[in-house]
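J.: As numbered in the working numbering, residues 2 to 206 make up the sequence shown, in order. Glycine residues also receive a C-beta, built at the ideal position from the N, C-alpha and C atoms. Just dropping this structure here.
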Amino acid sequence: MSSHAHAEGQLPHEPEKATAEGRNKVLGFWLFLGGETVLFGTLFSSFLALRDQVLDGPKASELFELPLVALATILLLTSSLTSVFATYALHRNNVKALISWLIVTVVLGLGFLGLEIYEFNNYASEGHQFRTSAFSSSFYTLVGFHGGHVLFGVLWISLIIGQLAKKGLTVVTAPKAYVAGLYWHFIDVVWVFIFTVVYLMGKVG
């Protein structure tokens with residue numbers, strides 16, 4: 002039996018690190034997340050520099066609907082917890098539980114995206130569009146870029162679910178599921194900063 006065809010019960014405790022290829026994939030993904038951190042840091046800096054340039058458009062304190070954003074935050078943070086459960090199932094070589102938790106993660110991610118689209122539509126109907134002001138442009142760029150990352154994560158995890166259902170949990174599929182979990186936690190952490198810096202500070206500022 003090749004290393005790519007381990008039976009579920011024969012996998013090591015951390016199957017994502019069972020091969021050099023898997024370990025390199027995990028290391029490379031950490032480096033990728035470092036680059037993403039720099040990118041989001043640049044967007045945060047731009048937003049902070051432009052957030053007071055509203056021209057005739059609405060201010061953040063007049064615009065943001067914290068209950069809606071708080072609900073979206075709860076969904077995304079809950080999805081981070083279900084992603085933790087998925088990783089736990091991965092390390093226990095329980096492919097059924099892994100798939101189940103990943104499906105819940107995807108559903109919660111879709112719920113977050115639905116609320117964000119609803120939020121953006123509300124803002125646009127109130128005259129807060131991308132070109133309304135420098136504040137508007139920086140807001141939509143930062144929050145929309147994060148939303149794009151969430152959408153990518155949903156699609157990526159959905160693809161991994163399909164691979165796990167077809168091929169099972171192997172030393173090939175395990176690193177993919179593991180780094181997808183890292184990615185999901187990353188975008189959750191970024192959202193915590195967005196919620197704090199953009200919404201909470203904007204509402205009280």
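1) Around the Cβ of Ile188, are there at least 16 other Cβ atoms within 10 angstroms (buried) or fewer (exposed)?
2) What separation, rounded to the nearest whole angstrom, lies between the Cα atoms of Leu51 and Lys177?
3) How is the alpha helix (DSSP H) around Asp189 delimited, first residue to last?
4) Let me know the secondary structure DSSP gives Asn122 once reduced to three states.
5) Could you check how far apart the C-beta atoms of Val199 and Leu143 are, in whole angstroms? I think they sit under 8 Å.
6) Please return the same chain residues whose Cβ sits closer than 6 Å to the Cβ of Leu64, not counting the five positions on each side in sequence.
7) Would you identify the three-state DSSP class for His92, choosing helix, strand or coil?
8) Would you call the region 155-167 and the region 87-103 in contact, with 3 or more CB pairs under 8 Å?
9) Among residues of its own chain, excluding the 5 on either side of Leu44, which ones have a beta-carbon nearer than 7 Å to its beta-carbon?
10) Could you check how far apart the C-beta atoms of Leu170 and Asn94 are, in whole angstroms? I think they sit under 8 Å.
11) Would you kindly check if the distance between the Cβ of Gly148 and the Cβ of Glu117 is under 8 Å?
12) If the criterion is Cβ atoms closer than 8 Å, does the pair Thr88 and Tyr179 meet it?
13) On the three-state DSSP scale, how would you describe Ala50?
T.: Judging by the given coordinates:
1) buried
2) 38 Å
3) Thr174 to Ile195
4) helix
5) 7 Å
6) His129
7) helix
8) yes
9) Thr142, Leu143 and Phe146
10) 6 Å
11) yes
12) yes
13) helix
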